[in-house]
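Top line first, the protein sequences correspond to chains A and B. Just add 124 to the spot in the first sequence (first one is 1) and you have the numbering used here. Just add 14 to the spot in the second sequence (first one is 1) and you have the numbering used here. We put the CB at the ideal spot given by N, CA and C, even for glycine. On a predicted model such as this, the values are computed, not experimentally measured, just so you know.
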Amino acid sequence: MRIVLDLQAAQSHSRFSEISRYTLGSAKAIAQAAGAHEVLLALNGRFPDTIESLSMEFAALISKDKIRVFENPGPLADVDPANAWRRQAAELLRENFLADLRPDMVVSSASFDGWQNDVVVSSGGLMENLPVAVTLLDPALLHSPEALPEHSGLSQFRQRRIRLLKSADLLFTVSGAACKQAIATLSLRGDRVVHLPPAPENFSSEILPQPANQAREQSGLNRPFILCASQNGDHAEKCIAAIALLPSGLRKTHQLAIVGEFSKEERASLFTVCRDHSLSESEIVIIESSEAAKRLYGSAALVIFPSPHEEIGMSVLDAMAEGAPVIGSSQSVFRELMERDDALCDPTDTPGLASQITTLLRDTNLRQSLQEWSIRRANSFTWKAHATKALTTFEEIHTRKMARPETGSKRKPLLAFVSPFPPERTGIAGYAARLVPSLAEHYDIVCIVDHPRIDDPLLSSRFPFRDVRWFERHGGGFDRILYQFGNSPAHKRIFSLLEQYPGVAVLHDFFLGDVLCWMQESGYAPGCFSKALYDSHGLPALMKHNRDGRTASVAAFPCNSAIFRDSAGVVVHSSHAIDLARDWYGEPAAALMRQVPFLPRKQEKGNRVQARERLRFPGDAFVVCSYGWITPYKLCDSILRAWRASPLGKAEDCFLIFVGATSDDAYGKDFIRKVDGSENGSRIRITGYVNEQQYHDYLVAADVAIQLRTHSRGETSATIFDCLALNLPLIVNAHGSAAELPADVVLKIDDDFADEVLIDALTSLRASPELRRRFSARAASYLHEEHRPELIAEMYYDFIEEANATSPRAREQRMLEIIGRSLVPVAPSPADLAAVATALSANRPPFGLPQIFVDITNISKLDLRTGIERVTRGVLMALLSNPPAGYRIEPVRALANGYVYARRFMAESLHFTRNELGDDPVESKLGDILLGVDWPADVLPGLRPWFREQKRRGMRSVFVVYDLLPLLRPDLFPPELPPMTLGWLNAVTEIADGVVCISRTVADELHQWLRETKPNRFRPLPIGFFQLGADLNASQPSKGIPKEALNILANIRSRPTILMVGTVEPRKGHRQALGALELLWNDRIDLNLVIVGKKGWMTEDFAERVRLHPERGKRLFWFQGISDEMLEQIYRSSRALLAASEGEGFGLPLIEAAQYGIPIIARDLPVFREVASDHAYYFRGRDEESLAHALREWLALGKAISISNGLRWYTWQESTCELLDVVVRERWYLSWP
Amino acid sequence: MTSLQPPYQEAGARDATSRFRQEQAELAPVPSKKGEPSSWARLREAGERLTGGGIRALGKRLLLRFVRRLMGMVMRRPRLLALSHAILKRFPGATWWLNRLAAIADPYAGRIYIPSGRLSNYVDPITMTLSASARVIYLRLRAAASETGSWNSS
């Protein structure tokens, strides 16, 4: 069984309220005891602050993907009549969401919630057969409306809730008394109401981190105490009055601890009452937290529960379980829980209560007896027993429900049959004309067509025909809709109709690229093919389309995901088509499908002799025909080859006929040449295009048919069934749908057959009339058994009805119709409709591959071509050129209020010839991942609400951390950068599900920073790292070398060159390097210093120093904004790379230097050691002399200079694989805390 | 060949059609209870009647194009962007309005997909701010609501 636990009651009440604790205790127990049952949690998105904490509470019991959040438009509180439309819509949305989870039981305990908050409960609004169990936690509300505050709508609200309780399949009550009360008040059968008592909470160390004595000291309790557990000031006052009446000896030795969340006024009032009763403030302690009270139960001399309205009794059980001597109000659930009269009290009888307390405090034996009884009695209530009882009841209800027969309506549903009909020149028109009469046994049918005339008088007189414009206006009035999809322009209007009115779609062709291409190029629906290609297969498909052209992309991609997304169910004629859907879109698409056998044409038997005369075959000739267009996909070459090599090719009485036209392309012309050039050319013919009569003659005249295929695209061959209908022995290869034909019906050869096999097949059929007769007979019986019109119509009926009852799209359409019809005093605004649409789209179950959203915000705005942008480009291109299996890559960019798909930017940067895609807001689903590889530090902190919303939908966010330098060395950065970095990092540590650093060093630094700053997080933050790629070519390198650069390059090559690469900013060590070179130049050491990098911040003085330097242009060069190609030339011309930076996240120039095999001189930083290990020469010291000294030593090494080309570096592809290893496969390095 | 929409001669067809007509009658739109239109609304209506909605559409297009260019210019200049963020922080109402306009007139947005056919009749500015699937649902909802007349706002 699949059990969905609706935890709204725990969301709308305080964590420590009885309702919340009961709901959570029950849910945890059921989840723990579920065994083979599957348990899911449903949470309301209108309580966003509760979702993460509740998810964490269940983390050990229920996997993340089974904690689902439903979205609603808000506000919804019933108290405001202006919310009525939204609330009605929200109820339907919740029911629709729950139905999508396909539950066998939905359990809700928020039965009387929703008056003043956004809790949504309902039943039967959309789904009459949704199995519901309701836990009644407020039985007092069943028949005491006067207990509720006055309000005009309150009575209606209560009535609605009473209806909900009455309609539930099962009602749980927390006490036996409430059980009896519910049966009597709601007139329910006894077996529908079950008493499901709570159990004491198992105090974990998480809840009770402090020992009891410490808790006592903190509360100000310094001697034995009586604990009065009351949430109500009146009851507390009664306790105070009773304490005041205690003998003075007892009063002196005992304190009174009152538990409750009291307002300031209530506290003041309590102390006034104390003074009135001559009690000093030291005798009374108020404990406001229920959590703190739990720690005190065990050490209390006596615990009193004076409230007469206690309905659940969780706290009572907690106190009893802790072994406290407990007395409680005789009017509450306490009587049932304690089952002992001497533990009951009447709190309104103050002297009586005082006397009872006195007795208990003085009589140690009695107190001990109470203590022992408390423990024994509390232990008889366990969550395990609670869960076992609940699960057993669910099973009984489920079995009962399954056994109940469905009572369906007897009238035929009204079906819109949307399809081309004859005379449209498509095979589907004929198919529709054959199917409709049989289907009319089950439906009243209106045929919807997109052409002006019908040429079948029988059909048009029997069925009403309407055009698509009429249907667009009236489609909502149909009970069922059946769309016939094919890959020809005859179906052009059906795509938009399906989008408007979801129905069952029949996919005659799995690949729909041809019709979509026609729609786009004819101007009928501009951009529709690009959109379908992108929607179905993502950017890689568009890249292929752009690279290889239309024909290749039409042949390669089905482009039909919209059919699966929008339809209630999909009918296909072969399991091969279902396999294709599974391969392209995964199991959810395949689950929508049903195989219904093809409905063959009825073929008149015809006169074989006359047909042969008309076709000029000798009467005794052996005629083999292959029908259809002559294309490489029909393997006509193989047929021709096998024919020539077989005895049939040499026999005078054997004819091979290709019944169909050849294409005008090279293949067609070549094939004609081959046929003409064959020895027995006169007995091998190509008929060219034939009309219906000629086609029929060839079918009748033939002795054997051969229908071979390769590269099938999921279609079912009507010609094969034409052959079978005329009982023609048939040779097929086991490819596509033909592979599913029974082996005794056709002569089936392997898919990838050798010519000899086909020769054998032809020869044996020619040689054995008996074999031919056997195939003929079996074909006839097979069609009768499996392809009878009435049988097929029945299968259609079964599937259409099943889809209508269970499919999310059909349900969704019904819901929209109900919402559209809903009449309320306050009509919805467009914003309300938009909120409903947004919530519904968010609640939809995921379809298609999970997406990896790659953040490219900065490069889509302004590519500064710095390190971060280079990483973004490298990772993006690696992901697009080689997407990880099972994921779809979507570049996205951040706006002020959320992320949008960066389609337009991608289209421009990938040079797509057509650019018809828009930047829609990102839609995330369960399993999606946002990969924050870019650094939109200005926008991200403001996107916290967006990230929280996406998290509710199941999206994970993982961010790349490049370095913490602005925080660790703020002196090296402009003043605005450290706070910006801090803001970004704070946001990331709050919203991220993981961070990936660009080196282990940065990961360690981040871990250290987290330990020191301790940001606020509910769950651990996993930290990983990956190594950056360094193949320039994979990150869209810029090109171009200016002419004047050639002289400079020659100059560089003329003497040893020390190269520095990277933005010129204080931390990069340029000042130190130039100073060191000056010292070397003074010592007549002839070296170049080449600096490549843009001028960054805080370097005006350095820029001026270079500008005025006497060596500038001679031995000192600074290049800014050069292309990657030019940089490559400079690398190749240099003697060594100098990495003098005082802090880096990774050190990409080290890798680049290694690629060109030039030595590396690097500052001795952990990150450089991590990247270059022994493949670099390291120096220390921040002054010019120490670097000059290091350079002198390095020069002196001569041949002993360490070579960098042994350094292991990654391509962007490898780097991205490592990144995905962390992000997708969650191979983390560290976790905080 | 026979023409489309023939007279219904068979009982089954009559049953289906009459039931359909009945359902259509039941679902007929409720007459609008709006008051007299304002002079601005009358003027707009007259303008739309004369130009087929062309002037209003042109005006809207020009405004959006202007906003798009302006947004593009601002977004390409980080300092200007930061300045405008700083100024707008003080005016949350204006910020909300501008955000909404920015979503419609996003200079990078390209062409937002709108379903063809009858659903396109229900497109309004709010449509452009929704995600692709929410947009189609919104239009279907508006179509369903307008058919039954429960919602008469424009």
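**OP:** Assign B:Q38 to one of three DSSP states: helix, strand, or coil.
**Re:** What you label residue 38 of chain B is simply residue 24 of the second sequence in a count that begins at 1. With a pLDDT of 42 at B:Q38, under the threshold of 50, the modelled position of this residue cannot be trusted, and the question is left open.
Original post:
Leaving out the 5 sequence neighbours to the left and right, which residues in its chain are closer than 6 Å to A:V999 when beta-carbon positions are compared?
Top reply: Start at 1 with the first residue of the first sequence, and residue 999 of chain A comes out as number 875. Same-chain partners within the cutoff: V1057 and T1340.
**OP:** Evaluate A:M939 with the Cβ neighbour count: other Cβ atoms within 10 Å of its Cβ, from every protein chain shown; 16 or more gives buried, anything less gives exposed.
**Re:** Within the first sequence, residue 939 of chain A is the residue found at index 815, counting from 1. Within 10 angstroms of the beta-carbon of A:M939 lie 16 or more other beta-carbons, which makes it buried.
Subject >> Three-way DSSP call (helix, strand, coil) for A:E894 in this model >> reply: Residue mapping note: residue 894 of chain A aligns to position 770 of the first sequence, counting from 1. In the three-state reduction of the DSSP assignment, A:E894 falls in the helix class.
Subject >> Inter-residue spacing [alpha-carbon to alpha-carbon] between A:P255 and A:M125 >> reply: Taking the first sequence and counting its residues from 1, the one referred to as residue 255 of chain A is at position 131. Taking the first sequence and counting its residues from 1, the one referred to as residue 125 of chain A is at position 1. One C-alpha to the other measures close to 12 Å.
**OP:** Taking C-beta pairs closer than 7 Å, name the residues in chain B that A:A1359 reaches, listed in chain order.
**Re:** Coverage of chain A is limited to positions 125 through 1357, which leaves residue 1359 of chain A absent and any answer about it impossible.
**OP:** In angstroms with no decimal places, state the Cα-to-Cα distance between A:V639 and A:Y607.
**Re:** Sequence index remark: in the first sequence, residue 639 of chain A carries index 515 (1-based). Sequence index remark: in the first sequence, residue 607 of chain A carries index 483 (1-based). A straight-line Cα-Cα distance of about 15 Å links A:V639 and A:Y607.
**OP:** May I ask you to report which of helix, strand or coil DSSP gives A:A353?
**Re:** The residue given as residue 353 of chain A occupies position 229 in the first sequence. If DSSP states are grouped into helix, strand and coil, A:A353 belongs with the strands.
**OP:** Could you check which residue in A:N1140, A:F1150 and A:L1041 has the C-alpha nearest to that of A:V1126?
**Re:** Position 1002 of the first sequence holds residue 1126 of chain A. When only C-alpha atoms are compared, the closest one is A:F1150.
Original post:
Does the beta carbon of B:A159 sit closer than 9 Å to a beta carbon anywhere in chain A?
Top reply: In the second sequence, the residue the question calls residue 159 of chain B occupies position 145. Yes, B:A159 counts as interfacial toward chain A.
Original post:
Can you find a CB in chain B that lies within less than 9 Å of the CB of A:R558?
Top reply: Looking up residue 558 of chain A in the first sequence gives position 434. Contact with chain B is absent for A:R558, since none of that chain's Cβ atoms lies less than 9 Å from the residue's Cβ.
Original post:
How is the beta strand (DSSP E) around A:G1148 delimited, first residue to last?
Top reply: The residue you call residue 1148 of chain A lines up with position 1024 of the first sequence. Note, A:G1148: beta strand (DSSP E), L1145 to F1149.
Subject >> Euclidean distance between Cα positions of A:L1067 and A:L1145 >> reply: In the first sequence, the residue the question calls residue 1067 of chain A occupies position 943. In the first sequence, the residue the question calls residue 1145 of chain A occupies position 1021. Near 19 Å, if we compare the C-alpha coordinates of A:L1145 and A:L1067.
**OP:** Note down the Cα distance separating A:L178 from A:Q135, rounded to an integer number of angstroms.
**Re:** Sequence index remark: in the first sequence, residue 178 of chain A carries index 54 (1-based). Sequence index remark: in the first sequence, residue 135 of chain A carries index 11 (1-based). Each residue's CA atom was taken as its position, placing A:L178 and A:Q135 some 8 Å apart.
Original post:
Does A:P712 have its Cβ less than 9 Å from a Cβ in chain B?
Top reply: Here residue 712 of chain A refers to the residue found at position 588 of the first sequence. For A:P712, the answer is no, since every Cβ of chain B falls outside 9 Å of its Cβ.
Original post:
Taking 8 Å as the cut-off, does the CB of A:M1030 come closer than this to any heavy atom belonging to the ligand NAP?
Top reply: The ligand content of the structure shown is nil, which means the ligand NAP is not present either.
Original post:
Would you say A:P724 and A:W708 are within 9 Å of each other, going by their C-beta atoms?
Top reply: Counted from its first residue, the first sequence places residue 724 of chain A at position 600. Counted from its first residue, the first sequence places residue 708 of chain A at position 584. In this structure, A:P724 lies away from A:W708, with their beta-carbon atoms at least 9 Å apart.
**OP:** For the beta strand (DSSP E) holding A:E415, just list the boundary residues, first then last.
**Re:** Counted from its first residue, the first sequence places residue 415 of chain A at position 291. Membership of A:E415 in any beta strand (DSSP E) is not indicated; the residue belongs instead to the alpha helix (DSSP H) covering S414 to L420.
**OP:** Throw me the rounded Cβ distance for the A:M251 and A:E219 pair, which I believe falls under 8 Å.
**Re:** In the first sequence, residue 251 of chain A corresponds to position 127, counting from 1. In the first sequence, residue 219 of chain A corresponds to position 95, counting from 1. The pair is a contact, with the Cβ atoms about 5 Å apart (cut-off 8 Å).
Subject >> Residue from A:A904, A:L1262 and A:V1295 with nearest C-alpha to A:I1285 >> reply: Position 1161 of the first sequence, counting from 1, holds the residue named residue 1285 of chain A. Out of A:A904, A:L1262 and A:V1295, A:L1262 has the C-alpha closest to the C-alpha of A:I1285.
Original post:
Mind checking if A:Q644 is an interface residue toward chain E, Cβ cutoff 9 Å exclusive?
Top reply: Reference to chain E is not applicable here, since the protein chains of this structure are A and B.
Original post:
Just curious, the alpha helix (DSSP H) that A:V799 is in, first and last residue?
Top reply: Taking the first sequence and counting its residues from 1, the one referred to as residue 799 of chain A is at position 675. Note, A:V799: alpha helix (DSSP H), A790 to G801.
**OP:** Answer yes or no: does any C-beta atom of chain A fall closer than 9 Å to that of B:R58?
**Re:** In the second sequence, counting from the first residue as 1, residue 58 of chain B sits at position 44. False, the Cβ-Cβ gap to chain A never drops below 9 Å.
Original post:
Per DSSP, which one or two residues make a beta bridge with A:A831?
Top reply: As a working mapping, residue 831 of chain A is identified with position 707 in the first sequence. The residue you asked about is not Ala; residue 831 of chain A is Gln in the sequence shown. A:Q831 is bridged to A:V856.
Subject >> Local Cβ density within 10 Å of A:P1273, reported as buried at 16 or more and exposed below that >> reply: Position 1149 of the first sequence holds residue 1273 of chain A. Residue environment analysis places A:P1273 among the buried positions, since at least 16 neighbouring C-beta atoms fall within 10 angstroms of its C-beta.
Original post:
In whole angstroms, what is the alpha-carbon distance linking A:I830 and A:G743?
Top reply: Here residue 830 of chain A corresponds to residue number 706 of the first sequence, with the count starting at 1. Here residue 743 of chain A corresponds to residue number 619 of the first sequence, with the count starting at 1. Taking the straight line joining both Cα atoms gives about 21 Å.
Original post:
What is the DSSP secondary structure of A:D591, reduced to helix, strand or coil?
Top reply: The residue given as residue 591 of chain A occupies position 467 in the first sequence. It is a strand residue.
Original post:
Can you round the beta-carbon distance between A:L823 and A:L850 to whole angstroms, since I take them to be within the 8 Å contact cut?
Top reply: Your numbering for residue 823 of chain A matches position 699 in the first sequence. Your numbering for residue 850 of chain A matches position 726 in the first sequence. Contact flag correct, Cβ pair sits at about 5 Å.
**OP:** Reducing DSSP to helix, strand and coil, say where A:Q818 ends up.
**Re:** Residue numbering aside, residue 818 of chain A sits at position 694 when the first sequence is read from its first letter. Helix, per DSSP.
**OP:** Less than 8 Å between the CB atoms is what I'm expecting for A:H669 and A:S677, so what's the real figure, rounded?
**Re:** Start at 1 with the first residue of the first sequence, and residue 669 of chain A comes out as number 545. Start at 1 with the first residue of the first sequence, and residue 677 of chain A comes out as number 553. Contact holds; Cβ gap of about 4 Å.
Original post:
What residues of chain B sit near A:A955, judged by a beta carbon separation below 8 Å?
Top reply: Your numbering for residue 955 of chain A matches position 831 in the first sequence. I140, listed in chain order.
**OP:** Leaving out five residues on either side along the sequence, give the residues of the same chain with a beta carbon under 6 Å from the beta carbon of A:R259.
**Re:** Taking the first sequence and counting its residues from 1, the one referred to as residue 259 of chain A is at position 135. A small fix is needed here, since residue 259 of chain A is Thr in this sequence, not Arg. For A:T259, same chain residues with a beta-carbon under 6 Å away, outside a window of 5 residues either side, are S233 and F296 in chain order.
Subject >> Cutoff 7 Å; reference A:L1195; Cβ partners in own chain excluding five residues on either side >> reply: Counting from 1 along the first sequence, the entry for residue 1195 of chain A is found at position 1071. Note on residue identity: the sequence assigns Arg, not Leu, to residue 1195 of chain A. Cβ neighbours of A:R1195 within its own chain (closer than 7 Å, five residues either side excluded): F1226.
**OP:** Could you pull out every unbroken alpha helix (DSSP H) segment of at least 4 residues lying fully inside the region 169 to 230 of chain A, listed in chain order?
**Re:** As summarised for the region 169 to 230 of chain A, the continuous alpha helix (DSSP H) elements at least 4 residues long and confined to that stretch are 172 to 181 and 208 to 224, given in chain order.
Original post:
Which whole-angstrom value is the C-beta distance of A:A1020 and A:V978, which I expect to be below 8 Å?
Top reply: Along the first sequence, read from residue 1 onward, the residue named residue 1020 of chain A stands at position 896. Along the first sequence, read from residue 1 onward, the residue named residue 978 of chain A stands at position 854. Not confirmed; about 20 Å, so no contact.
Original post:
Span of the alpha helix (DSSP H) holding A:G149?
Top reply: Locating residue 149 of chain A in the first sequence gives position 25, counting from the first residue. From DSSP, the alpha helix (DSSP H) with A:G149 extends over E142 to A157.
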